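Novice: Below you will find the structure I want to go over with you.
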Amino acid sequence: MDEVMGPPSTLGSLKFLAGPLAGNTYPITKPIVTIGREPGNDIPITDPSISRHHAQLTFNQGVWSITKLAQQNTVLVNQRNIQQTALNDRDTITLGAGVTFMFQMSQAPQQQGFPAPGGQAPQASRAPLPPQMGFSQPSPVPQQPPQLGFPQPSPAPQQNMMAAPPPAFVAPPPPYVPTVASSDSEGGTMRAGLMGSTDGAGSAGPPMLEVSTNTDREKQSYPLTKQVINIGRDPANDIVINRPTVSGYHAQIVREGNQLVFVHPHPARGRTLNGITYQGHVIRGDEPFRKVLSRGDVFRISDEHGTLVTLTYNDGSGASQELLPEIRPYPLGAPVITIGRLPDNNVVLNHPQVSGYHAQLERVQDGYRILDKKSTNHVFVNAQRVTHQLLKPGDEIRIGPFKLTYTGTQLTQHDESNGVRIDALHLKKVGNKQVVLINDVSITIPPRKFVALVGGSGAGKSTLLDALNGLRPANQGLVLYNGQDYYRHLASFSTQLGYVPQDDIIHRDLTVEHALYYAAKLRLPDDFTEAQIKQRINEVLDDVDMTRRRDLLVSKLSGGQRKRVSIALELLANPNVFFLDEPTSGLDPGLDRKMMLLLRRLADRGRTIVLVTHATNNINSCDYVCFLCQGGRLAYFGPPEEAKAYFGKTDFAEIYSALEPTDENPNIPAEAEAKFQQSADYQRYVVEPISQGPAGNASGMGQTATIKPPKRGNPWKQFVILSLRYMELLRNDTGNLLILLLQAPIIAVVLFLLSGSGTFDATSIATCPLRANPLDTSGPITSLDCRRVVDLLNSPQGDQFAAQQGKSKEQLLQDAIAPGSGGDAQKILFIMAFAAVMFGCINGVREIVKEAPIFHRERNVNLGIVPYMFSKIVVLGLLCLVQSFVLVFLVNLKAHFQTSILLPPFIEIYITMALTSVAGLMTGLVISALVPNSDRAMSMVPLALLPQVIFAGVVFSLDSPPALQILGAFFPARWAMAGMGSTVGLHGDKVGEDAFSFKGTLFTSLHKADAVPGAVFHLLLVWAILLLMIVLLGVAIAWFLKQKDART
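Structure, rendered in structure tokens:
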């Protein structure tokens, strides 16, 4: 029997975090441990996704390893799909669909490795294989306190830092290039490790510092084996970085016990020229900074020209240097367990997307049920939004960026707030006429990486970006966020995604601070206080270097500054992944460089950044570049500097030209795609990352999942916020506000001058020319009052006259009214009706389309259509009411309204005018919701207003042909004339209108009481039709807005 390293009685432990054994910790007491579903395994797991013999752990020559026992099994180590790999302390292993455990090494045995400075490597003793032993009962393992976040600078111990004068020149050691070879037992292939890769695992060795720049391909790795390592441009340093960005003596790495500490600035100088950047935080050149190095730490040194020098720490463990999501178990047992952002919860999830008291678990007979405590961003169980649900072991709860796995005995928290990995598998998108927009594209974007999608016009960059973010999903393929189907989990991920389109997503007529304030009120949980919102605004303004411009109107900012504010707005909810479409478009080279460096810092702070860009001057700031060519074909994916070598070009612009089809060779894009798929870079940066990650066992072919929109926020709260914001927008846009407010007074003054003081008198509306003897047909006219006719016809003499004429008294009354009576009043009312429609239409015709990018973005987060629509209707409706009042008041001031049907004349006229104006407003908003841009909206205004003139019944009679009555019913001006004309008492046959229009009470009958019921019905019908028109137009607005949700 082969001998192995002689272990002590306990070699380590397996702490189960998810699955049937979650909450249990098993000590390891034997060098070979089998795991599977059958009882004969050392650790049997009754889970259907676990094979009968799933995996095996082996301790050999001082190294633990895990092996997958069958090809179809799933074994992930630190989220990477493996066949066999070495294990390190606190590695996280996932088996099957939902069994996760943490591997914890015993602290007793010394790990084989490189000696510390001045010491000798310990000699491993050899002992025969210990007798076979079983596993003891699970025992609790005390939890380690969580690691703190960004460290605060503190002074370093003098004995470790002070090294002045600088040491004499010592030639730096040659670069250390680790090589890893792992065999694939099924495929029989050998895979070499990547030099300087910080994401993949390698063989164990000394801690390393990898030095790279964004200006060339050169990467060098230096072992950190000395007690003090000096870093700088001067040749006397241990690590020499010959770049002008780096100071002569820039930093030190000091060994303190078992730890390595990064120290800035170098103690011999006290300041550096460009300082450093760590996790996106800029450390000034004179600012003391110490950081105990840990796996995957990245430091950057940059200058104003965009040059980046990157220092990446590899702890030498051989494990993946990629930072993994924090996993924290919470034991269950209490009757009620609260979950939320505030510190007095049992489970504290400190993130802006989490409400103060977000949810709670309540113990019931069969376990626990979860209740949503009216949170802003909701609770999702297995990708479904729930308000309350009984939990089953294995259920996955998602709250903001946190994933909580329920096992029955504990909650296992996975914090994904600082890392989203995106896997795109076989994405295909087809447009109109079956034009291929994306052609079978597969890429992997690791967490906290900065990726640029580049290519010529029409290459599919924006289409791929929108396929990755779900705005326009691919027709085929799969998009995984941290291993989960994003299209199926869109609602639960919606608040974790930041998106900045090409157009600004901020209102130009708000100050920077107020724009962020209203966005924060809409997006952050309802229980955020004003002080917390202000603090969050301060933080994001600091992130984008816009603090000093917080009080400026957005319209006063430059293009680059507006983009920064758009980014700040998206940062409010602290999203995990960020998409930007042409953020540097229209910026000069200097602003382009600043924008790219800003995005670089955001990626370093834990966000995954994906952007589309045409500008390639500063593309070296990215971690990866994705070149697309015509037809949405993938021509390259990998580091920017390696792209130049791959294409054999010295400039990115030359790569653009090389990928464009020519008349001589139209197949260049297809050839470029095929060439890349056969290249080593494709295997290195596409195939291997996909196969080693959570997408390794996923099939990306087939139709994509149906997209379900996210749940919208509180409608009343959104309505109030949007209304306040809209009123401030109107107030700040002084020029437009003056135009809107002066429309009514100007037209009213014109009507005031045109109308006579008796325009609406009874004798003007209904003129009855009478002589001294009303029955005479000749002689001078002595009276125009129709009251005399009524009195005559109601007398015995009237009965005799009616009998002589062979007509009824009502006919005689109408015959007595002169043709053309009320003509002046009709003209005034027509202008008022047309003005009311025009006011409303002009008020609303641009108000939706002009902020379409803002609506789209807010809609994709949590904006409801109804509160958005009503914020426009209510605010602009109030403006319409004011305009109508001013117009009616000034006209009434000159020509007093005399008659009415149901209410006082002024009120009746005002109600009809107000309803007409609001109907015009709704017409304008329909246009605004329908058209693609503001110019098209304004060109539609004449088309909306001209029919108001034609079908009002004033210029043309609607009696012939009868179909005109039907067409006229669709226009508010027609009903406005019917309502106001009836109120003042116009007679349709006297002013050339149709018989239906006017049903008033002024001399329509010998007895006014007989005319009132019909007139009241007619007036109420007019008002009801105007209200119905408003409602139907509102439904149309909502429908057109809803169509903008279509993800095509």
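The working numbering applies: residue 8 is where the sequence shown begins, and numbers increase by one.
Glycine included, every Cβ here is placed at the ideal spot set by N, Cα and C.
Note that the coordinates shown come from a computational prediction; the quantities given were computed from them, not determined experimentally.
1. Short check: CB of Thr279 to CB of Ser301, under 8 Å?
2. Alpha carbon to alpha carbon, what distance is there between Arg87 and Gly105?
3. Just confirm the distance between the C-beta atoms of Cys633 and Gly463, as a whole number of angstroms; I'd bet it's less than 8 Å.
4. Which residues mark the beginning and the end of the alpha helix (DSSP H) in which Ile772 is found?
5. With distances taken between CB atoms, is the gap from Pro567 to Lys601 smaller than 8 Å?
6. Where does Val898 fall in DSSP's three states?
7. Taking 7 Å as the limit between beta carbons, can you name the residues of its chain near Ile57, skipping five residues before and five after?
8. By how many angstroms is the C-alpha of Asp688 removed from the C-alpha of Tyr663?
9. Suppose contacts are defined by Cβ-Cβ distances below 8 Å. Is His273 in contact with Ile283 by that definition?
10. Give every residue of the same chain whose Cβ lies closer than 6 Å to the Cβ of Ala773, excluding the five residues on either side of it in the sequence, and list them in chain order.
11. Going by the CB atoms, is the gap between Pro701 and Leu83 shorter than 8 Å?
12. In this structure, how does DSSP classify Leu102 when only helix, strand and coil are distinguished?
13. I need the straight-line Cα distance from Ala77 to Asn476, nearest angstrom please.
14. Could you round the C-beta distance between Ile1098 and Gln420 to whole angstroms and report it? I think they count as a contact, below 8 Å.
15. Mapping the DSSP letters down to three states, classify Leu991 as helix, strand or coil.
16. Verify whether the separation of the beta carbon atoms of Asp599 and Ala622 is less than 8 Å.
17. Take the Cβ of Thr741 as the centre, count every other Cβ of all protein chains shown within 10 Å, and call the residue buried at 16 or more, exposed below.
18. Around the Cβ of Thr17, are there at least 16 other Cβ atoms within 10 angstroms (buried) or fewer (exposed)?
19. Could you check what DSSP says for Glu193 in three-state terms: helix, strand or coil?
20. Would Leu411 and Gly374 qualify as a contact pair, given that the criterion is a beta-carbon distance under 8 Å?
21. With a Cβ-Cβ cutoff of 8 Å, do Thr990 and Ala902 count as a contact?
22. According to DSSP, simplified to helix, strand and coil, what is Gln509?
23. Using 8 Å as the cut-off, can you tell me whether the region 430 to 439 makes contact with the region 464 to 475, which would need three or more C-beta pairs spanning the two stretches below that distance?
24. Under 8 Å: do the region 556 to 574 and the region 515 to 531 share three or more Cβ pairs, one atom per stretch?
25. For Ile662, report the span of its beta strand (DSSP E) as first-last.
26. In chain order, what residues of the same chain lie with their CB nearer than 7 Å to the CB of Ser161, ignoring the 5 residues before and after it?
27. For Val796, count the other beta carbons within 10 Å of its own beta carbon; 16 or more makes it buried, fewer makes it exposed. Which is it?
28. Where does Ala832 sit, in a helix, a strand or coil, going by DSSP?
29. Using alpha carbons as the reference points, say which of Gly30, Gly239 and Lys22 lies closest to Pro400.
30. In this structure, does DSSP put Tyr525 in helix, strand or coil?
31. Return the first residue and the last residue of the alpha helix (DSSP H) that Tyr733 is part of.
32. Going along the chain, which residues of its own chain have a beta-carbon closer than 6 Å to the beta-carbon of Phe23, five neighbours each way excluded?
33. Assign Asp245 to buried or exposed, taking buried as 16 or more other Cβ atoms, counted over all protein chains shown, within 10 Å of its Cβ.
34. Could you tell me which whole beta strand (DSSP E) segments of length 3 or greater appear in the region 240 to 299?
35. What distance in whole Å lies between the Cβ atoms of Arg307 and Asp611, which are believed to be in contact at a cut-off of 8 Å?
36. Can you grab the Cα-Cα spacing for the pair Asp351 / Tyr364, in whole Å?
Specialist: According to the data block:
1. As a first step, residue 279 must be located in the sequence shown, where it is residue number 272. As a first step, residue 301 must be located in the sequence shown, where it is residue number 294. Cβ distance not < 8 Å, so Thr279 and Ser301 don't count as in contact.
2. Locating residue 105 in the sequence shown gives position 98, counting from the first residue. Locating residue 87 in the sequence shown gives position 80, counting from the first residue. Just so you know, the alpha carbons of Gly105 and Arg87 end up roughly 15 Å apart.
3. As a position in the sequence shown, residue 633 is number 626, starting the count at 1. As a position in the sequence shown, residue 463 is number 456, starting the count at 1. About 13 Å; that fails the 8 Å criterion.
4. As a position in the sequence shown, residue 772 is number 765, starting the count at 1. That run of the alpha helix (DSSP H) goes Ala769 to Ile772.
5. As a working note, residue 567 is residue 560 in the sequence shown. As a working note, residue 601 is residue 594 in the sequence shown. Here residue 567 turns out to be Gly, not Pro, going by the sequence shown. Closer than 8 Å, so yes.
6. As a working note, residue 898 is residue 891 in the sequence shown. Residue state, collapsed to three classes: helix.
7. Position 50 of the sequence shown holds residue 57. The residues are Gly43, Arg44, Leu102, Gly103 and Val106.
8. Position 656 of the sequence shown, counted from the first residue, corresponds to residue 663. Position 681 of the sequence shown, counted from the first residue, corresponds to residue 688. Cα to Cα, the separation comes out at about 19 Å.
9. Position 266 of the sequence shown, counted from the start, is the residue given in the question as residue 273. Position 276 of the sequence shown, counted from the start, is the residue given in the question as residue 283. No.
10. For the purposes of this step, residue 773 is identified with residue 766 of the sequence shown, where counting begins at 1. Hits under 6 Å: Cys793, Ile824, Ser828, Leu1009 and Phe1010.
11. Residue numbering aside, residue 83 sits at position 76 when the sequence shown is read from its first letter. Residue numbering aside, residue 701 sits at position 694 when the sequence shown is read from its first letter. Yes, the Cβ-Cβ distance between Leu83 and Pro701 is below 8 Å.
12. The sequence position of residue 102 within the sequence shown is 95, counting from 1. The answer is strand: DSSP assigns Leu102 an E or B state.
13. Here residue 77 refers to the residue found at position 70 of the sequence shown. Here residue 476 refers to the residue found at position 469 of the sequence shown. Those two C-alpha atoms are separated by around 35 Å.
14. The chain is shown from 8 up to 1055; residue 1098 falls before or after that span and cannot be answered.
15. Taking the sequence shown and counting its residues from 1, the one referred to as residue 991 is at position 984. Looking at the sequence shown, residue 991 is not Leu but Val. Correct three-state label for Val991: helix.
16. One-based indexing of the sequence shown puts residue 599 at position 592. One-based indexing of the sequence shown puts residue 622 at position 615. Yes, Cβ-Cβ distance for Asp599 and Ala622 is below 8 Å.
17. Position 734 of the sequence shown holds residue 741. Exposed, since its Cβ has fewer than 16 Cβ neighbours within 10 Å.
18. For the purposes of this step, residue 17 is identified with residue 10 of the sequence shown, where counting begins at 1. It is exposed - the Cβ of Thr17 has fewer than 16 other Cβ atoms within 10 Å.
19. Translated into positions along the sequence shown, residue 193 becomes position 186. Here the model assigns Glu193 a pLDDT of 34, short of 50, so the residue's position is not dependable, and the following value carries that caveat. Coil, per DSSP.
20. Position 404 of the sequence shown holds residue 411. Position 367 of the sequence shown holds residue 374. Note that the C-beta distance between Leu411 and Gly374 is not below 8 Å.
21. Locating residue 990 in the sequence shown gives position 983, counting from the first residue. Locating residue 902 in the sequence shown gives position 895, counting from the first residue. No; because the gap between Cβ atoms is not below 8 Å, this pair is not in contact.
22. Taking the first residue of the sequence shown as position 1, residue 509 is located at position 502. Here Gln509 sits in coil by DSSP.
23. yes
24. yes
25. By 1-based counting over the sequence shown, the position of residue 662 is 655. No beta strand (DSSP E) contains Ile662, which is instead part of the alpha helix (DSSP H) from Phe659 to Leu666.
26. Counting from one through the sequence shown, the residue named residue 161 turns up at place 154. Bear in mind that the predicted position of Ser161 carries a pLDDT of just 37, short of 50, making it too unreliable to give a figure here.
27. What you label residue 796 is simply residue 789 of the sequence shown in a count that begins at 1. Val796 should be labelled buried.
28. Mapped onto the sequence shown, residue 832 falls at position 825. Three-state DSSP puts Ala832 in a helix.
29. Your numbering for residue 400 matches position 393 in the sequence shown. Pro400 has its Cα closest to that of Gly30, out of Gly30, Gly239 and Lys22.
30. Taking the sequence shown and counting its residues from 1, one reaches residue 525 at position 518. Helix at Tyr525.
31. For the purposes of this step, residue 733 is taken as residue 726 along the sequence shown, with counting starting at 1. Where Tyr733 is concerned, the enclosing alpha helix (DSSP H) stretches over Pro722 to Asn739.
32. For the purposes of this step, residue 23 is identified with residue 16 of the sequence shown, where counting begins at 1. Here the set comprises Ala29, Asn31 and Phe108.
33. Along the sequence shown, read from residue 1 onward, the residue named residue 245 stands at position 238. Under this definition Asp245 is a buried residue.
34. 258 to 263, 266 to 271, 283 to 285, 288 to 290 and 296 to 299
35. Counted from its first residue, the sequence shown places residue 611 at position 604. Counted from its first residue, the sequence shown places residue 307 at position 300. At roughly 7 Å, the Cβ-Cβ gap stays under 8 Å, so Asp611 and Arg307 are in contact.
36. Within the sequence shown, residue 351 is the residue found at index 344, counting from 1. Within the sequence shown, residue 364 is the residue found at index 357, counting from 1. If I take the Cα positions, the gap works out to 9 Å.
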